[in-house]
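Participant: Below is the structure I would like to discuss, written out as structure tokens.
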Amino acid sequence: MRFISRILRNILSLLLLLALAAGAVWLIAQSRPQPPETAGGAPAPLSAAPSQQSPLPTPTQPPGAPLAPSPTPIEPSPVPTAVARRVPFCTFPGGPPPDKGGPSLDKYVFGEPQTILTDTVAIDIVDWLPDNRRLLIIRGGRIETLDTRTGAVQVYSTEVSGDRPIWLPQSQAVAYVKAPIGVTEPSLWVSQGGAAAVRPVIESFSLDTLTVDSSGYLIYFTPPGQQPLPVPEVARGFFQVQSIPVSQAELLYPKYPIDTGYKQYLMAARRPGGAQIAFYSDPYLYLYDVAQSRVCEVDLGVFGPEELPVFPYAVKWSPNGRFLAMLTTARFPGDLLSFAKLVILDATSGALIESESPLAYLSMDVAWGPDNQSLMMLGYDQIVDGRPIQKLRLVEAFSGKVRPALSERVFGGGAREGRQMAWSGNGHDIAVKCPIWAKDKPQVVQDQLCLISASMHP
Numbered sequence: 055m056r057f058i059s060r061i062l063r064n065i066l067s068l069l070l071l072l073a074l075a076a077g078a079v080w081l082i083a084q085s086r087p088q089p090p091e092t093a094g095g096a097p098a099p100l101s102a103a104p105s106q107q108s109p110l111p112t113p114t115q116p117p118g119a120p121l122a123p124s125p126t127p128i129e130p131s132p133v134p135t136a137v138a139r140r141v142p143f144c145t146f147p148g149g150p151p152p153d154k155g156g157p158s159l160d161k162y163v164f165g166e167p168q169t170i171l172t173d174t175v176a177i178d179i180v181d182w183l184p185d186n187r188r189l190l191i192i193r194g195g196r197i198e199t200l201d202t203r204t205g206a207v208q209v210y211s212t213e214v215s216g217d218r219p220i221w222l223p224q225s226q227a228v229a230y231v232k233a234p235i236g237v238t239e240p241s242l243w244v245s246q247g248g249a250a251a252v253r254p255v256i257e258s259f260s261l262d263t264l265t266v267d268s269s270g271y272l273i274y275f276t277p278p279g280q281q282p283l284p285v286p287e288v289a290r291g292f293f294q295v296q297s298i299p300v301s302q303a304e305l306l307y308p309k310y311p312i313d314t315g316y317k318q319y320l321m322a323a324r325r326p327g328g329a330q331i332a333f334y335s336d337p338y339l340y341l342y343d344v345a346q347s348r349v350c351e352v353d354l355g356v357f358g359p360e361e362l363p364v365f366p367y368a369v370k371w372s373p374n375g376r377f378l379a380m381l382t383t384a385r386f387p388g389d390l391l392s393f394a395k396l397v398i399l400d401a402t403s404g405a406l407i408e409s410e411s412p413l414a415y416l417s418m419d420v421a422w423g424p425d426n427q428s429l430m431m432l433g434y435d436q437i438v439d440g441r442p443i444q445k446l447r448l449v450e451a452f453s454g455k456v457r458p459a460l461s462e463r464v465f466g467g468g469a470r471e472g473r474q475m476a477w478s479g480n481g482h483d484i485a486v487k488c489p490i491w492a493k494d495k496p497q498v499v500q501d502q503l504c505l506i507s508a509s510m511h512p
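What follows is the structure, given as structure tokens:
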């Protein structure tokens with residue numbers, strides 16, 4: 055009966071999917087990168103998994119499916135050399151509860167959205183740069199920076215086929231993964247602006263042995279007893295290098311009742327200060343203690359009558375490293391999602407705080423405020439005429455309480471989860487997607503970025 059109910063849910067989801075797919079062909083074509091000669095004038099971690107920039111239309115999956123299904127199954131992987139085993143579940147040091155003396159949710163004031171960029175191709179938000187003035191974005195497949203005050207754009211790459219790029223502040227450069235479809239080993243590239251400054255720093259690497267963190271770290275998985283892999287000197291010029299005595303094969307043990315046939319790789323999110331690294335994938339979440347060279351698994355529980363494991367598909371540390379915000383879900387690999395919920399891990403006490411949003415609310419993006427206690431969440435719990443009605447909600451980290459922000463406004467659409475919003479490090483501005491939709495069909499006709507000022511009552 056469990057599998058029958060899952061099949062029925064998928065049939066209903068697919069019917070909604072067909073209803074939302076109208077008009078996607080034109081928009082997908084519009085989102086393809088332009089040739090270089092016409093291309094004048096995107097804590098989550100950098101993953102090397104192959105992907106393309108999101109097409110301009112709203113996600114064509116129905117409510118309950120903000121993510122695409124798992125990647126197409128590849129040939130069954132050989133039995134790993136390391137024996138897959140369950141590592142211990144995490145225990146936490148405990149200590150005093152987080153300081154609750156910060157501003158209450160009611161003290162925040164948000165200004166009216168101001169449009170800062172418009173285009174007919176898809177625009178994805180990656181993050182703010184440390185100067186709190188420029189945004190790192192992906193537009194029509196190009197990696198760019200946008201000056202939010204002057205509108206000036208600098209192109210860093212005209213092609214990107216991996217996941218989100220990262221900013222390297224010390225070298226004022228952008229790093230990104232190139233993983234064309236059909237290529238088994240991706241490459242790592244760096245650009246300091248302009249086509250002539252683009253170069254590979256690692257020609258090829260295995261996703262089993264290397265992951266790249268958004269803080270500018272190359273994290274190598276080095277099984278005990280083996281020597282760390284050599285790192286090219288050109289890569290050391292841009293990245294910090296960290297080797298951990300763990301094999302991915304030790305961590306990717308079976309968690310579903312049957313063999314799924316899907317190959318998984320771990321992504322990384324390094325805790326501010328570097329004491330821990332969060333590793334995550336479907337359906338895993340691990341914390342690695344750097345000082346003790348020890349890894350443990352975080353138990354997020356199970357969901358539904360099938361008791362599917364809950365896992366995060368996007369994570370972000372608070373600026374002070376106390377909390378780990380996670381967009382979580384549960385599904386059998388290949389199924390559409392039934393929910394996407396914000397859960398916050400207190401890395402000191404081990405408490406898991408769920409946002410007060412209803413289960414039907416689909417969290418598409420989350421961004422930390424500068425006070426380490428507040429987050430902005432973008433998501434939706436209804437679709438009107440085929441269009442997801444996404445709105446902003448302010449979340450209190452230590453309680454999960456939620457307050458609407460600019461409740462009369464609708465935002466988001468036409469981008470992947472985790473690429474629709476960013477809160478500046480100084481707390482003054484929130485960048486969010488605010489596209490223009492067709493009046494007669496669920497289709498984005500023009501993509502836009504908006505800027506919202508943020509302040510607090512005395």
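Here my numbering is used: the first residue of the sequence shown is 55, the next is one more, and so on.
Cβ coordinates follow ideal geometry from the N, Cα and C atoms, glycine included.
These numbers were taken from a predicted model, which means no experiment stands behind them.
#1: Could you give the distance in angstroms between the alpha-carbon of Q318 and the alpha-carbon of L261?
#2: Identify which residue in S461, P489, A485 and W371 has its Cα closest to the Cα of G467.
#3: Compute the Euclidean distance between the alpha carbons of V364 and T402, then round it to the nearest angstrom.
#4: For L305, name the three-state secondary structure that DSSP assigns.
#5: Let me make sure I understand the geometry here. Which of P366, R348, S347 and Y307 has the alpha-carbon closest to that of Y334?
#6: Are at least three pairs of beta-carbons, each pair with one atom in the segment 375-383 and one in the segment 422-434, less than 8 Å apart?
#7: Answer yes or no: do P142 and C350 have a C-beta to C-beta separation smaller than 8 Å?
#8: Using the C-alpha atoms, what's the distance from G404 back to F386?
#9: Nearest to S345 by alpha carbon, out of I298, L460 and K370?
#10: Hey, could you find the ends of the alpha helix (DSSP H) V288 is sitting in?
#11: Let me check one thing: in DSSP terms, what residues is T199 bridge-paired to?
#12: Work out the CA separation of E166 and S461 for me, nearest whole Å.
#13: Buried or exposed for V449, please, with buried defined as at least 16 other CB atoms from any protein chain shown within 10 angstroms of its CB.
#14: Measure the Cβ-Cβ separation of V175 and G194 and say whether it is below 8 Å.
#15: Counting only the same chain and skipping the five closest in sequence on each side, list residues whose C-beta sits under 6 Å from that of Q246.
#16: So for L159, helix, strand or coil by DSSP?
#17: Check L503 in the structure and name its three-state DSSP category.
#18: Quick one: using the 10 Å Cβ neighbour count with 16 as the cut-off for buried, is Q474 buried or exposed?
#19: By Cβ distance, which residues of its chain are closer than 6 Å to S411, with the 5 residues on each side in sequence left out?
#20: When you compare only the Cα positions, how much space is there between Y310 and L362?
#21: Under 8 Å by Cβ, that's how I've got T382 and K395 pegged, so tell me the actual separation to the nearest angstrom.
#22: Return the CA-CA distance between Q499 and I443, expressed in angstroms with no decimal places.
#23: Is the separation between the beta-carbon of I179 and that of L171 shorter than 8 Å?
#24: Do you know how far the Cα of V255 is from the Cα of V295?
#25: Go ahead and pull the three-state DSSP assignment for A251.
#26: Need the endpoints of the beta strand (DSSP E) that R324 sits in, please.
#27: Looking only at C-alpha atoms, which of I177, G440 and K161 sits nearest to L503?
#28: Which value, in whole angstroms, describes the spacing of the CA atoms of T314 and F275?
#29: With a CB to CB cut of under 8 Å and the five nearest residues on each side skipped, what residues in its chain are close to P373?
#30: Nearest CA to the CA of V397: which residue from D389, L416 and W477?
#31: Can you name, in chain order, every residue of its own chain whose Cβ lies under 6 Å from the Cβ of L159, other than the five neighbours on each side?
#32: Who are the Cβ neighbours of P518 in its own chain at under 7 Å, not counting the five residues just before and after it?
#33: Of the residues A233, S225, I235 and V244, which one's Cα is nearest the Cα of Y210?
#34: At which residues does the beta strand (DSSP E) containing R441 begin and terminate?
#35: Start and end of the beta strand (DSSP E) containing I298?
#36: Using three-state DSSP, classify E351 as helix, strand or coil.
Facilitator: From the atom records:
#1: 9 Å
#2: P489
#3: 21 Å
#4: helix
#5: P366
#6: yes
#7: yes
#8: 26 Å
#9: For clarity, residue 345 is Ala in the given sequence; the question names Ser instead. Taking only the C-alpha atoms, the option nearest A345 is I298.
#10: E287 to R290
#11: L190 and Q208
#12: 11 Å
#13: buried
#14: yes
#15: A227
#16: helix
#17: strand
#18: buried
#19: V456
#20: 7 Å
#21: 5 Å
#22: Just to set this straight, residue 499 is Val in the shown sequence, not Gln. The alpha-carbon atoms of V499 and I443 are separated by roughly 16 Å.
#23: no
#24: 13 Å
#25: helix
#26: M321 to R324
#27: I177
#28: 24 Å
#29: P326, W422, P424, N426 and G479
#30: L416
#31: L448, E450 and R457
#32: Past the edges of the chain, shown from 55 to 512, lies residue 518, and the structure says nothing about it.
#33: V244
#34: R441 to E450
#35: Q294 to I298
#36: strand
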